[in-house]
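Engineer: Submitted below is the structure of interest, expressed as structure tokens.
Shown next, in the form of structure tokens:
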């Protein structure tokens, strides 16, 4: 932690962490920001992933559970939920666990936000061939 | 309230309440959730409508006024506003009252959320042949 | 609506409306703002009450239902909920209806915000000798 | 799931789940609601704990991670964070993991909400003799 | 401030202020509201612009900085951010300053809301031929 | 930007920036976090101030305008508003400009959040002997 690093070193360290979570989606966000705010893209990677996400005190799977809760509660973050539901699958959460986390969110955030987040999960699971999570019987 | 009910009994009780409010839109939400989170659909109906909405302490019309206020304030709940502006019409609120409730919301939530909600009302009223609510003179 | 009014005329018109809702609490807010932002106090009265609240398209009772929904959903507005739960009682909502509106809010906003708002109602009802609303049997 | 239950059965089932998480804090909330909204207290227990929290699809520890994320993101839920940071400790999250989840939240919710939540954790940990979590060296 | 004005006087005063900021976008919002809530359109202009924005105590450029911060923090206000990023350019903020204000917002609101707002800026800057703001090198 | 820095170098760089804004309040926050989350305190300084606030693309005065807008809109951030209203004064915003920024916020966030923020300003101005900002005449 105490060795000297350049800005580029830290970006690269963040990219290594991001690659393990969801490198493709992360790269898309950075590319989309390149012409308008490369600095924002830099900090998402170098700070968010390189300095926070990389810490060993909480596992990647646990971080995604916290993140799903936050993005559902914030509202209006459907694009980020898309990225992080993919990431959640990549770090070992099962579709059943993700769906249950969003059901759980209805107790604390109410149904509208829980339903909005669940429809993002439906889109992501559909793209990855993971539907149906449950049979459609009630 | 004290008789024993199965899970299915409670769902059916909720569906009866939902049918009086907006059965078609409710059914669409439940159907959309069937392959991903039938449990969430179950709770929207069995708990939200069967156990809360069904209570006699507040009229359906009054519940929709509270709901319009909440959904406008939360933000990012345009899909739910669509359902509940339809429901508001179904339980007896007039277009003028709905528009006024959203104007009123600008005092407490600011103009951006009030305008967003009013545009959802415009869409719903247009679909139901209720436009113009006002002439366009100022 | 088309007669010419001075700024002071409009403030006085707003105060008349405010007096019917909760003049005492309103006056306290305006007094508290006098040394820092009299302009904000002016607009709460002249615009909020004089130009929006005063309109006939929605009854004062209905406006309070919308307002309770908004303030509960926004969060962090306990001081305003205090004022508006008093106002709600003043314009004819019963304690049972207010409590039910806040129970209803749990479906859309989740339990934490519903519980926070209900504790404000408990404080207001206690100050006005309206407790218990329900016996404490379950 | 299909056996018939009375309202009281479901409340008792919820209390059993709540007792394993944080029965004392839960009982305090229910007691505080008794004179104003016993129905809200009923639903927190019977629905929140009895029907959602009780499900096996997500472990209690995982549910608390999601909940910490939501309560931090919502803001203004310090009282609920107090209950759920206690609950998080009770179901096996370590102080280091809780602190890390709140640090993680700063990436998605910003520093103000992360700092507010961390100060609630400091209060809870202090009451339980768990401070310092870290030495105060930087 | 003390001369008598009609409702129409005040609307016209607001339109003059709005014209200096972004008359075209403002007119579009008012036109869109004409058939559903002309009163809301009136208040956006007559109150928002005529009575608040018009005050000399803060420059138009400074007002847009505050507004960018608010709209980013609220979330779900992409349509309003579009209008106000245009307005910000019109009153003298540079693309670099706008992008930096949104980067700054990530510290207080978190990355998701900062990224959402930055993508709105990218759209607006693209429409006005202002891209790239930065070269795409990192 | 490209020279190699240790973690401690970056913290010290951030402290220099923070000292120019509001070193005393910043130090209090870091001290309060020391026993629970020194890492969070580190990132507030090293990232928030050292890497974002320190950039030349936006002046400290402009950053505070954006920050006042965000903290008012988020709600529940009274402690942070206290720090940043002090900071705003320190970097050259006048009491009149700060009060006006908060009045302006009522248009976009509604009166409750604007009033809450204005009461924080009243507290800060009182502590610094800056009241009354306006005479109490209306």
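Protein chains in written order, with the UniProt record's numbering: chain Y, 1 to 138; chain A, 1 to 138; chain W, 1 to 138; chain X, 1 to 138; chain H, 1 to 138; chain E, 1 to 138. Ideal Cβ placement from N, Cα and C applies to all residues, glycine included.
Going along chain X, which residues have a C-beta under 8 Å from residue 52(Y)?
Structural biologist: Your numbering for residue 52(Y) matches position 52 in the first chain. 103, 104, 106, 107, listed in chain order.
Engineer: Just the chain Y side, please: which residues come within less than 8 Å of residue 4(E) by C-beta, in chain order?
Structural biologist: Locating residue 4(E) in the sixth chain gives position 4, where the first residue counts as 1. Under the 8 Å cutoff, chain Y gives 4, 5, 6, 9.
Engineer: Would you check if the stretch 78-93 of chain E and the stretch 15-24 of chain W touch, i.e. whether three or more CB-CB distances between them fall below 8 Å?
Structural biologist: no
Engineer: Give the C-beta separation of residue 103(E) and residue 12(W) to the nearest angstrom, bearing in mind that I take them to be a contact with Cβ-Cβ under 8 Å.
Structural biologist: In the sixth chain, the residue the question calls residue 103(E) occupies position 103. In the third chain, the residue the question calls residue 12(W) occupies position 12. 21 Å between Cβ atoms; not a contact.
Engineer: Who are the neighbours of residue 59(W) on chain E, taking C-beta pairs under 9 Å?
Structural biologist: To locate residue 59(W), count along the third chain from 1; it is residue 59. Residues of chain E passing the Cβ test: none, with the nearest at roughly 21 Å.
Engineer: Please identify the residue among 41(H), 117(H), 112(H) whose C-alpha is closest to the C-alpha of residue 99(H).
Structural biologist: Counting from one through the fifth chain, the residue named residue 99(H) turns up at place 99. For the residues 41(H), 117(H), 112(H), the minimum Cα distance to residue 99(H) belongs to 117(H).
Engineer: Taking only three categories from DSSP, how would you classify residue 57(Y)?
Structural biologist: Along the first chain, one-based indexing puts residue 57(Y) at 57. Residue state, collapsed to three classes: coil.
Engineer: If you measure between the beta carbons of residue 78(H) and residue 120(H), is that distance less than 7 Å?
Structural biologist: Position 78 of the fifth chain holds residue 78(H). Position 120 of the fifth chain holds residue 120(H). Contact flag set, yes.
Engineer: Sort out for me which residues DSSP pairs residue 5(Y) with in a bridge.
Structural biologist: Here the question's residue 5(Y) lines up with position 5 in the first chain. DSSP lists 5(E) as partners of residue 5(Y).
Engineer: Could you tell me which chain H residues have their CB closer than 7 Å to the CB of residue 135(E), listed as they occur along the chain?
Structural biologist: The residue given as residue 135(E) occupies position 135 in the sixth chain. Simply none; closest approach about 15 Å.
Engineer: Express the C-alpha separation of residue 110(H) and residue 114(X) in angstroms, rounding to a whole number.
Structural biologist: Along the fourth chain, one-based indexing puts residue 114(X) at 114. Along the fifth chain, one-based indexing puts residue 110(H) at 110. Taking the straight line from one Cα to the other gives about 10 Å.
Engineer: Quick test of the definition: if touching needs 3 or more C-beta pairs under 8 Å, does the stretch 30-37 of chain X touch the stretch 53-65 of chain X?
Structural biologist: They do not touch, by the three-pair rule.
Engineer: Just verifying my parser: in three-state terms, what is the DSSP assignment at residue 108(A)?
Structural biologist: Taking the first residue of the second chain as 1, we reach residue 108(A) at position 108. Residue 108(A) falls in the helix class under three-state DSSP.
Engineer: With a 10 Å radius around its C-beta and 16 neighbouring C-beta atoms as the bar for buried, classify residue 3(A) as buried or exposed.
Structural biologist: As a first step, residue 3(A) must be located in the second chain, where it is residue number 3. Exposed, since its Cβ has fewer than 16 Cβ neighbours within 10 Å.
Engineer: Please give the ranges of any beta strand (DSSP E) in the stretch 16-44 of chain Y, keeping only runs that are unbroken, at least 3 residues long and fully inside the region.
Structural biologist: none
Engineer: Using a threshold of 7 Å, state whether the C-beta atoms of residue 101(E) and residue 21(E) are closer than that.
Structural biologist: Walking along the sixth chain from the start, residue 101(E) turns up at place 101. Walking along the sixth chain from the start, residue 21(E) turns up at place 21. At a Cβ-Cβ threshold of 7 Å, residue 101(E) and residue 21(E) do not count as neighbours.
Engineer: According to the Cβ coordinates, are residue 69(A) and residue 70(W) closer than 7 Å?
Structural biologist: In the second chain, the residue the question calls residue 69(A) occupies position 69. In the third chain, the residue the question calls residue 70(W) occupies position 70. Contact flag set, yes.
Engineer: Would you please state the rounded distance, in angstroms, between the beta carbons of residue 48(X) and residue 107(Y)? I believe it to be under 8 Å.
Structural biologist: The residue you call residue 48(X) lines up with position 48 of the fourth chain. The residue you call residue 107(Y) lines up with position 107 of the first chain. Contact flag correct, Cβ pair sits at about 5 Å.
Engineer: Should residue 32(A) and residue 72(A) be called a contact, given that it needs their Cβ atoms to be closer than 7 Å?
Structural biologist: Position 32 of the second chain, counting from 1, holds the residue named residue 32(A). Position 72 of the second chain, counting from 1, holds the residue named residue 72(A). For residue 32(A) and residue 72(A), no; Cβs fall outside 7 Å.
Engineer: Name the chain W residues whose beta carbon is nearer than 8 Å to that of residue 75(E)?
Structural biologist: As a first step, residue 75(E) is located in the sixth chain; it is residue number 75 there, counting from the start. Ordered by position in chain W, the residues that pass the 8 Å Cβ test against residue 75(E) are 74, 75, 76, 77.
Engineer: Use the C-beta contact count for residue 97(E): other C-beta atoms within 10 angstroms, 16 or more gives buried, fewer gives exposed.
Structural biologist: Your numbering for residue 97(E) matches position 97 in the sixth chain. Answer is buried; the Cβ neighbour count reaches 16.
Engineer: Would you grab the beta carbon distance between residue 91(H) and residue 60(H) for me? Rounded to a whole angstrom, and I think it's under 8 Å.
Structural biologist: As a first step, residue 91(H) must be located in the fifth chain, where it is residue number 91. As a first step, residue 60(H) must be located in the fifth chain, where it is residue number 60. At roughly 4 Å, the Cβ-Cβ gap stays under 8 Å, so residue 91(H) and residue 60(H) are in contact.
Engineer: Within the same chain, show all residues whose beta-carbon is closer than 7 Å to that of residue 25(X), passing over the 5 residues directly before and after it, in chain order.
Structural biologist: As a first step, residue 25(X) must be located in the fourth chain, where it is residue number 25. Correct list, in chain order: 83, 86.
Engineer: Can you tell which of 58(H), 57(H), 10(H) has its C-alpha closest to the C-alpha of residue 44(H)?
Structural biologist: The count along the fifth chain starts at 1 and reaches residue 44(H) at position 44. It is 10(H).
Engineer: Would you identify the three-state DSSP class for residue 91(X), choosing helix, strand or coil?
Structural biologist: For this step, residue 91(X) is matched to residue 91 along the fourth chain. DSSP places residue 91(X) in coil when its eight states are reduced to three.
Engineer: Answer yes or no: does any C-beta atom of chain H fall closer than 7 Å to that of residue 138(E)?
Structural biologist: Against the sixth chain, residue 138(E) aligns to sequence position 138. Because residue 138(E) sits at a pLDDT of 41, beneath the cut-off of 50, its placement in the model cannot be relied upon, and the following sentence gives the value as read from the coordinates. No, residue 138(E) does not count as interfacial toward chain H.
Engineer: List the residues of chain H whose Cβ lies closer than 7 Å to the Cβ of residue 39(Y), in chain order.
Structural biologist: In the first chain, the residue the question calls residue 39(Y) occupies position 39. By Cβ distance, chain H contributes 103.
Engineer: Does residue 75(A) come out as helix, strand or coil in the three-state DSSP assignment?
Structural biologist: Numbered from its first residue, the second chain carries residue 75(A) at position 75. Coil.
Engineer: Return the CA-CA distance between residue 54(Y) and residue 5(Y), expressed in angstroms with no decimal places.
Structural biologist: One-based indexing of the first chain puts residue 54(Y) at position 54. One-based indexing of the first chain puts residue 5(Y) at position 5. Taking the straight line from one Cα to the other gives about 16 Å.
Engineer: Could you compute how far the alpha carbon of residue 30(A) sits from the alpha carbon of residue 135(H)?
Structural biologist: As a position in the second chain, residue 30(A) is number 30, starting the count at 1. As a position in the fifth chain, residue 135(H) is number 135, starting the count at 1. Take the alpha-carbon of residue 30(A) and the one of residue 135(H): they are about 48 Å apart.
Engineer: Helix, strand or coil: which one does DSSP assign to residue 133(W)?
Structural biologist: One-based indexing of the third chain puts residue 133(W) at position 133. In the structure shown, residue 133(W) sits in coil (DSSP, three-state: anything other than H, G, I, E or B).
Engineer: Would you say residue 131(E) reaches chain W, if we count a Cβ-Cβ gap shorter than 7 Å as a contact?
Structural biologist: Position 131 of the sixth chain, counting from 1, holds the residue named residue 131(E). So, interface residue.
Engineer: If you draw a straight line from the C-alpha of residue 137(E) to the C-alpha of residue 8(W), how long is it?
Structural biologist: For this step, residue 137(E) is matched to residue 137 along the sixth chain. For this step, residue 8(W) is matched to residue 8 along the third chain. With a pLDDT of 45 at residue 137(E), under the threshold of 50, the modelled position of this residue cannot be trusted; read the value that follows with caution. Residue 137(E) and residue 8(W): Cα-Cα distance of roughly 12 Å.
Engineer: In whole angstroms, give me the CA-to-CA distance for residue 23(A) and residue 58(X).
Structural biologist: Residue mapping note: residue 23(A) aligns to position 23 of the second chain, counting from 1. Residue mapping note: residue 58(X) aligns to position 58 of the fourth chain, counting from 1. Take the alpha-carbon of residue 23(A) and the one of residue 58(X): they are about 31 Å apart.
Engineer: With DSSP as the reference, label residue 128(X) as helix, strand or coil.
Structural biologist: Locating residue 128(X) in the fourth chain gives position 128, counting from the first residue. Three-state DSSP puts residue 128(X) in coil, outside helix and strand.
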